[in-house]
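Notes follow the structure.
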Amino acid sequence: DLSREDRERLTERMSRFRFLEQGPLIDATEAVVRIAVLLDRPELIDSLKRMKERDPRSTMPDVTGKVLIDEDIAEGRFVVGGFGPNNYDCTQFALLVDPGGDDTYRGPAGGAGEIRRLRVVIDLDGNDTYEGGNDSLVSATFGIGVLVDTGGDDKYIGGARSGGFGIGGVGVLIDTEGK
Numbered sequence: 001d002l003s004r005e006d007r008e009r010l011t012e013r014m015s016r017f018r019f020l021e022q023g024p025l026i027d028a029t030e031a032v033v034r035i036a037v038l039l040d041r042p043e044l045i046d047s048l049k050r051m052k053e054r055d056p057r058s059t060m061p062d063v064t065g066k067v068l069i070d071e072d073i074a075e076g077r078f079v080v081g082g083f084g085p086n087n088y089d090c091t092q093f094a095l096l097v098d099p100g101g102d103d104t105y106r107g108p109a110g111g112a113g114e115i116r117r118l119r120v121v122i123d124l125d126g127n128d129t130y131e132g133g134n135d136s137l138v139s140a141t142f143g144i145g146v147l148v149d150t151g152g153d154d155k156y157i158g159g160a161r162s163g164g165f166g167i168g169g170v171g172v173l174i175d176t177e178g179k
């Protein structure tokens, strides 16, 4: 049985569905996915290889390993990882691109919610591990969550409402290569 407080919160959230326009949400998701897939181009990888790797700007343990870009953008934090192995705490990122290396992603990799309505993770190569609990991996509640992995043999470990789940939102998981 739900408590009165939980029931009120659930009723309020469910009332939002009346106002949800699916067309624009689907159009925006399609645009994000198209951009993500276009990133897997040899000329982009060559360009990234010419960039100098550096330490993450943050003293927080949200990224271990080298990065190429670490900036704040309107939607949140934007990071392009380095070519070696990295570990990411995905609670900290709106947009995360990793060009290679055997990486580990923890938390809401591509998981969007009421606070951070857009989360995108793009991994271009490497044997990666994605670990999250409930409502984490590519889960979208009133938002857009996208995870595109274009290379390597990857492992996905998620709880309930993960792996491309959406309620009042869209969650998209695309893995184009590997086992």
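For the sequence shown, the positions run 1 to 179 when our numbering is used.
No residue lacks a Cβ here, since even glycine has one placed at the ideal position from N, Cα and C.
Asked	Found
Could you check if L10 is buried or exposed, using at least 16 other CB atoms within 10 Å of its CB as the buried criterion?	exposed
Which term fits L173, buried or exposed, when burial requires 16 or more other beta carbons within 10 angstroms of its beta carbon?	buried
Reducing DSSP to helix, strand and coil, say where R54 ends up.	strand
Is it the case that the Cβ atoms of E114 and T150 are separated by a distance below 8 Å?	no
Please state the DSSP three-state secondary structure of A6.	Rather than Ala, the amino acid found at residue 6 in this sequence is Asp. Note: D6 maps to helix in three-state DSSP.
Give the range of the beta strand (DSSP E) segment to which D175 is assigned.	170-175
Considering only C-alpha positions, which residue in the set E131, D98, A36 is nearest to G163?	E131
What is the rounded straight-line gap between the Cα of V170 and the Cα of V146?	8 Å
Contact between the segment 80-96 and the segment 104-120: three or more CB pairs below 8 Å?	yes
So what does DSSP say about A112, is it helix, strand or coil?	strand
In terms of residue numbering, what span does the beta strand (DSSP E) encompassing L39 cover?	Taken as a continuous stretch (DSSP letters only), L39 belongs to no beta strand (DSSP E), as it is neither H nor E.
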